[in-house]
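In the UniProt record's numbering, the protein residues as written are 1 to 60.
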């Protein structure tokens with residue numbers, strides 16, 4: 001558990017169910033933002049690797 005998760009839980013108890021759903025929509029762990037960024041980094045690394053490979057092989 002991350003150090004701030006207990007604070008998030010405290011706030012969730014205070015704000016109730018409607019506030020909780022709003023918080024969940026903004027949480028990058030839940031809304032897929034972190035996964036999207038990870039996939040983008042992997043795509044970028046793959047593109048760089050492929051580009052370097054093409055440059056080393058030269059143009060036919």
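We put the CB at the ideal spot given by N, CA and C, even for glycine.
### Task
Could you check the C-alpha separation between residue 13 and residue 19 for me, to the nearest Å?
9 Å
### Message
Going by DSSP, what residue range makes up the alpha helix (DSSP H) through residue 43?
### Response
33 to 57
### Query
If you run the structure through DSSP and keep just helix, strand and coil, what is residue 29?
coil
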